[in-house]
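Notes follow the structure.
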Amino acid sequence: VVIFNLLNLSVFKYFYFFSDTFFLISHNVFFKDVSSSISIILPLAISFYTFQLLALQIDIHRGRLTKRISFQEYFLFILFFPQLIAGPIMRTEDFLPQLNSPKITKESMIDGLFLLIGGLFKKVVIADNIAPIVNPLFSNPEKFDSLSLFLGCIGFVAQVYCDFSGYTDMARGLAKLLGFEIPENFKGPFLAASFREFWTRWHITLSTWLRDYLYIPLGGNKMGSFRASLNMLITMTLGGFWHGANLTYLLWGFYSGLMLWLERILEKIGIPSEPKSV
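Sequential numbering of the sequence shown, starting at 74, is according to our numbering.
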């Protein structure tokens, strides 16, 4: 099941990346012809539901999920519409125990509406209005001075955060209105004092998924300091590749892993990566 889901993801999301890479390496026109002649439509939310399917199957294999899941429970877990498009990435223990006993109270309705309205504000008012400002800077950076490009980068960070966290706030709000609690995905990531803390605050459900189903199976931190850092570098690189099928995302994941490795080195030689609390 795991292999089938990974193959499915590879074909739909990474087909063009792999074919173009093979062409660049081998200069064989076959790969270029295949890439240009085949048109693949990327299924909606394939990255998110693939990770949920993988987690479900691995949890069954590990014995964490002992109760047999019904056909209805299975598809409700995978296709729960508030979080289907862009997470948060749920685990079975987050959702299945709530299926037969949704709790709709006055407090949950108020919390749900506040999350829904707040997320909508982030997405529509902030993110969607920043986009027209920063897009020209990234399309033609040579036309702008260094200060404009720097401010454009700051604006893009704000856009991405408000877009993504706004969506997940709306997903959590909708779930609350239906009587369900789904995991929080962002906890003030830009208040983090280190890269390590940042990844405990940003896209939390992805970070914990990568930890539990990739970093720990690779050996985690049980095989020495160097191997632990290498496992972390591999995990972050693949996590970057999960975000998008191009070299930019792969290098971004690799860079994030290097920064986490550097922090570990600094801590080992006695230089704290986070300021001490007073």
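In this text, a Cβ means the ideal position worked out from N, Cα and C, and glycines have one as well. Every value quoted in this text rests on a predicted model; they were computed, and no experiment measured them.
DSSP three-state call for residue i: helix, strand or coil?
i, result
"Trp272", "coil"
"Val233", "helix"
"His316", "helix"
"Ala361", "Shown here, the chain extends from 74 to 351; a query on residue 361 therefore has no answer."
"Arg141", "coil"
"Arg284", "helix"
"Phe217", "coil"
"Ser298", "helix"
"Ile151", "helix"
"Arg164", "coil"
"Gly293", "coil"
"Phe259", "coil"
"Phe253", "coil"
"Lys196", "helix"
"Val207", "helix"
"His134", "helix"
"Met182", "helix"
"Asn101", "coil"
"Leu324", "helix"
"Ile114", "coil"
"Asn173", "coil"
"Ala248", "helix"
"Ser83", "helix"
"Ile342", "coil"
"Ala266", "coil"
"Val28", "Given that the chain is displayed from residue 74 to residue 351, the structure contains no residue 28 and the question cannot be resolved."
Am I right that residue i and residue j are in contact with their C-beta atoms under 8 Å? What's the rounded C-beta distance?
i, j, result
"Gly185", "Gly246", "5 Å"
"Lys196", "Cys235", "7 Å"
"Phe253", "Pro175", "6 Å"
"Phe259", "Ile277", "7 Å"
"Trp282", "Ala128", "6 Å"
"Tyr286", "Ile131", "6 Å"
"Leu323", "Gly313", "6 Å"
"Tyr288", "Thr308", "4 Å"
"Leu83", "Trp315", "This sequence places Ser at residue 83; Leu is not what is there. With 8 Å as the limit, Ser83 and Trp315 do not qualify as a contact, their Cβ atoms being about 12 Å apart."
"Trp353", "Leu306", "Nothing can be reported for residue 353, as the shown portion of the chain is limited to 74 through 351."
"Gly225", "Val207", "5 Å"
"Glu336", "Arg284", "Incorrect: roughly 16 Å between the Cβ atoms, too far for contact."
Applying the criterion that 16 or more other CB atoms from any shown protein chain within 10 Å of the CB defines a buried residue, is residue i buried or exposed?
i, result
"Ser238", "buried"
"Ile190", "exposed"
"Pro290", "exposed"
"Ala266", "exposed"
"Ile183", "exposed"
"Thr139", "exposed"
"Met243", "buried"
"Leu339", "exposed"
"Thr321", "exposed"
"Leu188", "buried"
"Arg141", "exposed"
"Leu80", "exposed"
"Lys326", "According to the sequence displayed, residue 326 carries Gly and not Lys. Gly326 is buried by the Cβ-count criterion."
"Ser99", "exposed"
"Lys249", "buried"
"Asn304", "buried"
What residues in its chain sit with their C-beta under 7 Å from that of residue i, if we drop five residues either side in the sequence?
i, result
"Pro214", "Leu222"
"Ala204", "Gln232"
"Phe104", "Ser92, Phe95, Phe96"
"Leu210", "Phe217, Ser221, Leu222, Gly225"
"Asn294", "Ala301"
"Phe124", "Ile162, Trp282"
"Asn78", "Thr123, Leu126, Leu127"
"Glu146", "Leu169, Leu172"
"Thr165", "Leu129, Asp132, Leu138, Phe150"
"Ser350", "Annotation note: pLDDT 48 at Ser350 (below 50); position unreliable, no value reported."
"Ser280", "Trp272, Thr273"
"Gly228", "Ile203, Ile206, Val207"
Please list, in chain order, all residues of the same chain as residue i whose beta carbon is under 8 Å from its beta carbon, the five residues on each side excluded.
i, result
"Leu115", "Phe85, Lys86"
"Tyr89", "Ser108, Ile113, Ala318"
"Tyr122", "Ile151, Leu152, Leu157"
"Arg274", "Phe259, Lys260, Gly261, Pro262, Leu264, Ala265"
"Val75", "Leu127, Gln130, Ile131"
Apart from the five residues on each side of it in sequence, which residues of its chain come closer than 6 Å, Cβ to Cβ, to residue i?
i, result
"Pro256", "Pro161, Asp167, Thr278"
"Val230", "none"
Should residue i be flagged as near chain C, meaning a C-beta pair shorter than 8 Å?
i, result
"Arg300", "The structure shown has no chain C; it contains just one protein chain."
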